[in-house]
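In short: position in the sequence shown from 1, add 597, done, that's our numbering.
All C-beta atoms, glycine included, are put in the ideal place defined by N, C-alpha and C.
Owing to the predicted nature of the structure, the values given are computational and were not obtained by experimental measurement.
Structure record follows, encoded as structure tokens.
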Amino acid sequence: MNEYFPEPTGETIGDGTRAVRAGLPEAVKNAPPLPGPVFAAHFHLPGDVEGPYAYGRDSNPTWTLLERAIGELEAPGQDVHTVVFASGMAAVSAVLLSQTRTGDTVVLPDDGYQALPLLREQLEAYGIHVRTAPTGSDAQLDVLDGARMLWIETPSNPGLDVCDVRRLAGAAHAGGTLVAVDNTLATPLGQRPLELGADFSVASGTKGLTGHGDLLLGYVVCRDPELAARARGWRKIVGAIPGPMEAWLAHRSLATIQLRAQRQWANALAVAEALSERRDVSGVRYPGLTTDPSHKTAARQMRGFGSVVSFTLPDRAHAERFMAALHLVEDATSFGGVRSTAERRGRWGGDAVSEGFIRFSAGAEDTDDLVADVLRALDRALDRAGHDR
């Protein structure tokens, strides 16, 4: 808990209130509420080595404030340890590689973020055994036996399957297995993995956490100080540190996370509902749809269902016509930003999706405008298909 932002007695702090205050230092007359970024490779350090800041690869006051803020959002009112990194993959790698050693076994999802297979190769090169199973139906339960770590990604990217974190964490801990949850799609406002039993909540802050598509960042949050120390030590060894400007921009952006998330979630649901009515669209997935296969599980553990919708168009050409016809939606590979983005995911390779699969991230545009743009683009793609025939 941030000592400068104690819980008011007898009151419940809302997400919006928490977000705009998270991580702020104690108010000082004539000082800014959020101090500017500290650009320093070294700090004054006479005599013995003591105090929080000595060298820029180890610690930085700007990181400290951001880490406090993220911890408050991920686990309000609890004593947690947060470590920020230069990117989401830096955070992912730090957890997996700092907590395992040769001979250990790690369980990964086989339908997760497309960089996970690359990480699997590295783990196996270090003599770490890797097992995989799908996210849906809690299938990772079947391959847990004897594992050092279970890595969960829920909702999964890009398929948007959801697993029961409490169930998986309970089974994993019964066997002495650590549990890490990639919380990127949900954000701390949509899901709190530590409250669901996870040992680590890990995410790319590049996406919905900061929401403006203008920085790279990652973070790890855990309760156990020893686990956090290993992740922090890994950051120091490999130098996967965030720049102070990126850390400051991220902290500044947290103040609007609730405002952004509420509009994005509403837009995602509206787009998903509109897509579900289309005969030229199949495989619509969004955990917030009551008809989605994952909805019941998601509703038990999520506080919001995220900004990402996935769906499939008949083929690659149809999908590319749809993308070209959009006006308010940018063709880009990231998600979670205030401007809606989408892409034909198959263009990258590495994901088990069809050529017409679309990953769509709803932004903060007016809902009616966004839905109208999507429907218009679908109509144009369909009309063009008939013209081509």
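By the DSSP assignment, the beta strand (DSSP E) with residue 750 in it spans what residues?
746–750
Taking only the alpha-carbon atoms, compute the straight-line gap between residue 813 and residue 685 and give it to the nearest angstrom.
8 angstroms
Check the DSSP bridge columns for residue 815 and list the partner residues they point to.
Partner residues in the beta bridge of residue 815, as assigned by DSSP, are 682, 801.
In terms of residues, what are the limits of the alpha helix (DSSP H) holding residue 915?
913–922
For residue 870 and residue 912, the rounded distance between their alpha carbons:
21 angstroms
For residue 837 and residue 687, I'd like the C-alpha separation in whole angstroms.
Roughly 6 angstroms separates the two Cα atoms.
Just to confirm the assignment: which complete beta strand (DSSP E) runs, minimum length 3, are found wholly within the stretch 941–969?
954–958
Hey, could you find the ends of the alpha helix (DSSP H) residue 894 is sitting in?
Residue 894 -> alpha helix (DSSP H) spans 892–898.
Applying the 10 Å Cβ sphere with the 16-neighbour rule, what's the burial state of residue 784?
Flag for residue 784 reads buried.
As a quick exercise: from 937, 910, 905, 753, pick the residue whose alpha carbon is nearest that of residue 735.
753
According to DSSP, is residue 613 part of a helix, a strand, or is it coil?
helix
Using CA atoms only, rank isn't needed, just tell me which of 623, 905, 629, 636 is closest to residue 841.
636
For residue 839, count neighbouring Cβ atoms within 10 angstroms of its own Cβ and tell me buried if that reaches 16, exposed if not.
buried
Host beta strand (DSSP E) of residue 706 (start-end)
First-last of the beta strand (DSSP E) with residue 706: 702–706.
Does the separation of the CB atoms of residue 865 and residue 883 fall below 8 angstroms?
yes
How would you label residue 601, buried or exposed, when you count the other beta carbons within 10 angstroms and need 16 or more for buried?
Low local confidence applies: a pLDDT of 38 at residue 601 is under 50, so the model's placement there is unreliable, with the coordinate-based value given in what follows. Residue 601 should be labelled exposed.
Just to confirm my understanding: we take residue 668, look at its own chain, exclude 5 residues before and 5 after, and list those with CB closer than 7 angstroms. What are they?
677, 679, 818
Tell me where the alpha helix (DSSP H) around residue 866 begins and ends.
Counting along the chain, residue 866 sits inside the alpha helix (DSSP H) bounded by residues 854–873.
Beta-carbon proximity list for residue 658, same chain, < 6 angstroms, skipping 5 on both sides:
635
With contact counted as at least three CB pairs below 8 angstroms, one residue from each stretch, are the stretch 701–719 and the stretch 793–800 in contact?
no
Could you tell me which of 969, 916, 788 sits nearest to residue 858, measuring between CA atoms?
788
Could you tell me which of 910, 727, 962, 743 sits nearest to residue 982, measuring between CA atoms?
910
Delimiting residues of the beta strand (DSSP E) encompassing residue 789
That residue, residue 789, is in no beta strand (DSSP E); it is neither H nor E in DSSP.
Can the beta-carbon of residue 855 be found closer than 8 angstroms to that of residue 616?
Their beta carbons are under 8 angstroms apart, which means residue 855 touches residue 616 by this criterion.
Assign residue 850 to one of three DSSP states: helix, strand, or coil.
helix
How is residue 608 classed by DSSP in three states: helix, strand or coil?
With a pLDDT of 48 at residue 608, under the threshold of 50, the modelled position of that residue is not reliable, and no figure is offered here.
Please list, in chain order, all residues of the same chain as residue 775 whose beta carbon is under 8 angstroms from its beta carbon, the five residues on each side excluded.
696, 745, 746, 747, 769, 796, 797, 824
For a test of the three-state rule: what should DSSP assign to residue 647, helix, strand or coil?
coil
Could you please give the first and the last residue of the uninterrupted beta strand (DSSP E) stretch that includes residue 717?
Looking at the DSSP string, residue 717 is not in any beta strand (DSSP E); the run it does join, the alpha helix (DSSP H), is 713–722.
If you draw a straight line from the alpha carbon of residue 653 to that of residue 976, how long is it in whole angstroms?
54 angstroms
Distance CB(residue 777)-CB(residue 835) smaller than 8 angstroms:
Taking C-beta atoms as the reference points, residue 777 and residue 835 fail to come closer than 8 angstroms.
In whole angstroms, give me the CA-to-CA distance for residue 725 and residue 860.
42 angstroms
Look at the alpha carbon of residue 604 and the alpha carbon of residue 721, and state the distance between them as a whole number of angstroms.
A caution first: residue 604 carries a pLDDT of 48, below 50, which makes its placement in the model unreliable, though a value can still be read off. About 45 angstroms.
Cβ shell of residue 968 (< 7 angstroms), same chain only, five flanking positions each side left out:
867, 868, 871
Measure the CB-CB distance between residue 907 and residue 941 and report whether it falls below 8 angstroms.
no
With residue 775 as the anchor, note down where its beta strand (DSSP E) starts and where it stops.
775–779
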